[in-house]
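Position 181 of the sequence shown, counted from 1, bears residue number 195 in our numbering, the numbering being contiguous throughout. Yeah, the Cβ is synthetic: ideal placement off N, Cα and C, and Gly gets one too. Computed from a predicted structure; not experimentally measured.
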Amino acid sequence: MLNTVVDFIYCTPTPITVPESSANDASKEDTEEPREMTLNMDIERQKLLECAETDKEALKSALQTAVTAAYGRQSRHTQGDQDQEVEYVTKSEMNEVLKVCEDVVRDRILSELVNSFFSLFIDRVVRLGETDYLPMFIRFVDSFDVMRLELLGFIEVTHDTEAMCERLFDVVTKEWHLDLSYCRGQAYLGSGEVSYKLKAFACKIQEQYPLAICTHCSCYSFNTWWSRSVPVAAVIRAIDTLEEIVSFFHSMPALEEQLDQVLAIGLRESYEKIHELQGKFCSSWLEKHDSYEVFAQILEPLVDWLENIDNCQPQRWSLAVSNRAKRLLQLIKDFDFIVAIVALKNASSFTRELSAALQKDHFSAASQLSQISGIVATLNRVKTNIKVFHQNWFDEASCFAQSLGVQVKVPDSVIVPRDSLLKPGSYYKDAMSVPLVDHLINMVKDYFSDDHKEALNLLSLVPCSVTMSYVFEMLKSKPPLYIGDLPDPDNFFTELSCWKVKWKTKVVSVTIPETIFQTLRLPLMQYFVNINTLLKIMCVLPSTALEYCGEVKRHKMYQDYLSNTSPMDRSPCLAVLQVGTDFNRDLDRMVAQCLKLTPKTLEGICLVRISF
15 MLNTVVDFIY CTPTPITVPE SSANDASKED TEEPREMTLN MDIERQKLLE CAETDKEALK
75 SALQTAVTAA YGRQSRHTQG DQDQEVEYVT KSEMNEVLKV CEDVVRDRIL SELVNSFFSL
135 FIDRVVRLGE TDYLPMFIRF VDSFDVMRLE LLGFIEVTHD TEAMCERLFD VVTKEWHLDL
195 SYCRGQAYLG SGEVSYKLKA FACKIQEQYP LAICTHCSCY SFNTWWSRSV PVAAVIRAID
255 TLEEIVSFFH SMPALEEQLD QVLAIGLRES YEKIHELQGK FCSSWLEKHD SYEVFAQILE
315 PLVDWLENID NCQPQRWSLA VSNRAKRLLQ LIKDFDFIVA IVALKNASSF TRELSAALQK
375 DHFSAASQLS QISGIVATLN RVKTNIKVFH QNWFDEASCF AQSLGVQVKV PDSVIVPRDS
435 LLKPGSYYKD AMSVPLVDHL INMVKDYFSD DHKEALNLLS LVPCSVTMSY VFEMLKSKPP
495 LYIGDLPDPD NFFTELSCWK VKWKTKVVSV TIPETIFQTL RLPLMQYFVN INTLLKIMCV
555 LPSTALEYCG EVKRHKMYQD YLSNTSPMDR SPCLAVLQVG TDFNRDLDRM VAQCLKLTPK
615 TLEGICLVRI SF
């Protein structure tokens, strides 16, 4: 019966035609017979339709169960008995169904984009299975004026820069059919060779679409962003170690409680900081502007806790936890790690205020832009006097090493001739401090270009900033960067003056909007069409805060996906499905597409469902 229903849903019945007979040969009974047959067919078809509607719910339930089970097979916590192959559906057949479902999710996201502004965000390289991929997100504003950041898919990393640029461009424009003339921002995170390839891709887009300006992404603090692309191997390894530490403590509630105790000891001089971070550090450290300073402060109590993990009586932790703790201890008690953390802590102090202001509110972000040139000047002075600054950083790292019982030395991987006079201080100055400061200077210049700063000035259009920001007055000096996007450019300055009058006039009963989302929902925005357009562009700019308006945080779900899965168990398809699927909106379309493209496999999935 199930097979019949699947076939019925999948296929459109072909009408049966009765051949015409000669009028002389036809009897009354002959003419009545086709009518009776047609009537019976109509009744049978109605029954099938009713049955099909009922069974379509079964198909939806079976498909949702199968996709959810596929999620579970990736998880670190639910592996084992789920790995057996199902009798009715092979692994390759199931992968076909999952691919169809992935396409449905992506098509739904792109259909919600329509012809509106968007930006592209590529997170750092991630290993899925045996291959390295770049995860690509799209940021846009939907029809309800809600800011959205959605995972579109993964692009495989290739060795050749030109080939990778072409591949990225083809996927975006030909496979996903994105119109880059609507792209208003690009934020690509990569280190080493990948960083250069992504920069080449960004330049390729900007050559054709100058308004697709390059920025950092607000999913990370600016300090986290620039540090993750530092072209220094020791820094890359140190950040990887920090991620392992966070992942370790985040894996169990009991371990996270232990981290809270470590934070309380390391930050004991700042009660406010302890209160801010306890219970939240593992999930928010990438968004904090002072995370490296926190890590440096808790380094000693962290090492003490890891060293004493085996001394708990009775034995509190499992062998797996104990072994993982020993591995972390080995990574931390390495001078190469210590000097990298100290260098990151000190270098990031120069951009701490900028990083914090960008996360705070629109007024702070817009106001901080005037400090960019001063930050660059300060960093150039650091570069000029790097010998002095490096010595201070190195002395601090040496003190940490002494208190932790770690030898101050050149890394074992560096081959030093016997007659060489190379000392650790000199080595780390040239291998770490100099390239670190050079990189930071370039990042501030690149990510806060004149176009980006001009774009961020538009944050002063948010009503709460109009009433107190001198930046708003700067908007009157020249046409905006996005003058070509305005629906009524000739009246922009008139509209700007009216906007100022509207919010400068204090009305006690009126609540002044503090976010872009609140502003866009105002009924009066229909009269300020140019400002409405500019604020929507600000919504998609990667560097602006992704205001939480009730929509699921997909990037947070993506990070949780990486935390809960092992690299070899991941797949691009399942990652997109687990992060992006909304069964309430996607399931009907998934079933329809599977009936169209993989009907037999869907039937097998239903049989699996029935067999349980």
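Would you call the segment 569-587 in contact with the segment 136-148, where contact means no fewer than 3 C-beta pairs closer than 8 angstroms?
yes
With residue 439 as the anchor, note down where its alpha helix (DSSP H) starts and where it stops.
The count along the sequence shown starts at 1 and reaches residue 439 at position 425. Start and end: 438-442.
If you follow the alpha helix (DSSP H) that residue 594 is in, where does it begin and where does it stop?
Position 580 of the sequence shown, counted from the start, is the residue given in the question as residue 594. Counting along the chain, the alpha helix (DSSP H) containing residue 594 begins and ends at 586-594.
My output table needs one value for residue 179: the three-state DSSP class, helix, strand or coil.
The residue you call residue 179 lines up with position 165 of the sequence shown. It is helical.
Nearest residue (CA-CA) to residue 498, options 598, 224, 294
Here residue 498 is taken as the residue at index 484 of the sequence shown, counted from 1. Closest by alpha carbon: 224.
Tell me whether residue 334 is buried or exposed, calling it buried when 16 or more other Cβ atoms sit within 10 Å of its Cβ.
Taking the sequence shown and counting its residues from 1, one reaches residue 334 at position 320. In this structure residue 334 is exposed. Its beta-carbon is surrounded by fewer than 16 other beta-carbon atoms within 10 angstroms.
Along the chain, where does the alpha helix (DSSP H) that runs through residue 122 open and close?
As a first step, residue 122 is located in the sequence shown; it is residue number 108 there, counting from the start. Residue 122 -> alpha helix (DSSP H) spans 105-127.
Buried or exposed: where does residue 429 fall if 16 or more other Cβ atoms within 10 Å of its Cβ makes it buried?
Here residue 429 refers to the residue found at position 415 of the sequence shown. Exposed, by the Cβ-count rule.
Based on DSSP bridge pairs, tell me the residues matched to residue 149.
Along the sequence shown, one-based indexing puts residue 149 at 135. Paired residues: 168.
Residues near residue 281 by beta carbon distance below 8 angstroms, same chain, minus five either side:
Along the sequence shown, one-based indexing puts residue 281 at 267. Result list for residue 281: 287, 288, 291, 308, 311, 312, in chain order.
What residue range does the alpha helix (DSSP H) around residue 607 cover?
As a first step, residue 607 is located in the sequence shown; it is residue number 593 there, counting from the start. Its alpha helix (DSSP H) spans residues 597-611.
Range covered by the beta strand (DSSP E) that runs through residue 141:
Against the sequence shown, residue 141 aligns to sequence position 127. Looking at the DSSP string, the run of the beta strand (DSSP E) that includes residue 141 is 140-142.
Straight-line Cα distance separating residue 544 from residue 501:
In the sequence shown, residue 501 corresponds to position 487, counting from 1. In the sequence shown, residue 544 corresponds to position 530, counting from 1. For residue 501 and residue 544, the distance between alpha carbons rounds to 6 angstroms.
With 16 other Cβ atoms within 10 Å as the buried cut-off, status of residue 216
By one-based count along the sequence shown, residue 216 stands at place 202. Counting Cβ neighbours within 10 Å, residue 216 comes out buried, since at least 16 surround it.
In whole angstroms, what is the alpha-carbon distance linking residue 273 and residue 371?
Walking along the sequence shown from the start, residue 273 turns up at place 259. Walking along the sequence shown from the start, residue 371 turns up at place 357. Whole-angstrom Cα-Cα distance: 28 angstroms.
Determine the direct distance from the alpha carbon of residue 121 to that of residue 159, and round the result to whole angstroms.
Taking the first residue of the sequence shown as position 1, residue 159 is located at position 145. Taking the first residue of the sequence shown as position 1, residue 121 is located at position 107. Residue 159 and residue 121: Cα-Cα distance of roughly 20 angstroms.
Residue 198 in three-state terms, based on DSSP
For the purposes of this step, residue 198 is taken as the residue at position 184 of the sequence shown. Three-state DSSP puts residue 198 in a strand.
Just to confirm, are residue 164 and residue 123 a CB contact at a threshold of 7 angstroms?
Working through the sequence shown from its first residue, we reach residue 164 at position 150. Working through the sequence shown from its first residue, we reach residue 123 at position 109. Contact: yes.
Buried versus exposed, by CB contacts within 10 Å (16 or more), residue 446:
Position 432 of the sequence shown, counted from the first residue, corresponds to residue 446. Buried, because 16 or more other Cβ atoms sit within 10 Å of the Cβ of residue 446.
Taking contact to mean 3 or more Cβ pairs, one atom from each stretch, closer than 8 angstroms, check whether the segment 352-360 and the segment 406-413 are in contact.
yes
Which residues DSSP lists as bridging residue 162, in chain order:
What you label residue 162 is simply residue 148 of the sequence shown in a count that begins at 1. Answer is 154.
Just how far apart, CA to CA, sit residue 475 and residue 492?
For the purposes of this step, residue 475 is taken as residue 461 along the sequence shown, with counting starting at 1. For the purposes of this step, residue 492 is taken as residue 478 along the sequence shown, with counting starting at 1. Straight-line Cα distance between these residues: approximately 15 angstroms.
Okay, do the segment 508-517 and the segment 460-473 touch, 3+ Cβ pairs below 8 angstroms being the bar?
At 8 angstroms Cβ cutoff, the stretches do not touch.
Which runs of the beta strand (DSSP E), 3 residues or longer, sit entirely within the segment 302-390?
List check, beta strand (DSSP E) in window: nothing returned.
Which of helix, strand or coil DSSP assigns to residue 231
Working through the sequence shown from its first residue, we reach residue 231 at position 217. Residue 231: coil per DSSP, three-state reduction.
From residue 185 to residue 134, what does the alpha carbon distance come to, in whole angstroms?
Here residue 185 corresponds to residue number 171 of the sequence shown, with the count starting at 1. Here residue 134 corresponds to residue number 120 of the sequence shown, with the count starting at 1. About 13 angstroms.
For residue 89, does the three-state DSSP call read helix, strand or coil?
Within the sequence shown, residue 89 is the residue found at index 75, counting from 1. If DSSP states are grouped into helix, strand and coil, residue 89 belongs with the strands.
DSSP three-state label for residue 40, please.
Locating residue 40 in the sequence shown gives position 26, where the first residue counts as 1. Confidence at residue 40 is low in this model, with a pLDDT of 46, below 50, so the placement of that residue is unreliable and no value is reported for it.
On the CB-based measure, 16 or more other CB atoms within 10 Å of its CB, does residue 99 come out buried or exposed?
Against the sequence shown, residue 99 aligns to sequence position 85. Here residue 99 scores only 47 on pLDDT, less than 50, and its place in the model is too uncertain to base an answer on.
Excluding the five sequence neighbours on either side, which residues of its own chain have a C-beta within less than 6 angstroms of the C-beta of residue 553, listed in chain order?
Taking the first residue of the sequence shown as position 1, residue 553 is located at position 539. Here the set comprises 155, 161, 530.
Three-way DSSP call (helix, strand, coil) for residue 618 in this model
As a working note, residue 618 is residue 604 in the sequence shown. Correct three-state label for residue 618: helix.
Looking at residue 209: is its Cβ nearer than 7 angstroms to the Cβ of residue 243?
Counting from one through the sequence shown, the residue named residue 209 turns up at place 195. Counting from one through the sequence shown, the residue named residue 243 turns up at place 229. In this structure, residue 209 sits near residue 243, with a CB-CB distance shorter than 7 angstroms.
Segment contact, 8 angstroms Cβ cut-off, at least three pairs: the segment 595-612 with the segment 71-83
yes
Cut-off 6 angstroms between Cβ atoms - residues of its own chain near residue 478, not counting five sequence neighbours on either side:
To locate residue 478, count along the sequence shown from 1; it is residue 464. Closer than 6 angstroms at the Cβ level, and outside the excluded window around residue 478, lie 526, 528.
Contact check, residue 376 vs residue 473, beta carbons under 7 angstroms:
On the sequence shown, residue 376 is found 362 positions in, with the first residue counted as 1. On the sequence shown, residue 473 is found 459 positions in, with the first residue counted as 1. With respect to the 7 angstroms criterion, residue 376 and residue 473 are classified as neighbours on the basis of their beta carbons.
Cβ neighbour criterion (16 or more within 10 Å) applied to residue 484
The residue given as residue 484 occupies position 470 in the sequence shown. Answer is exposed; the Cβ neighbour count stays below 16.
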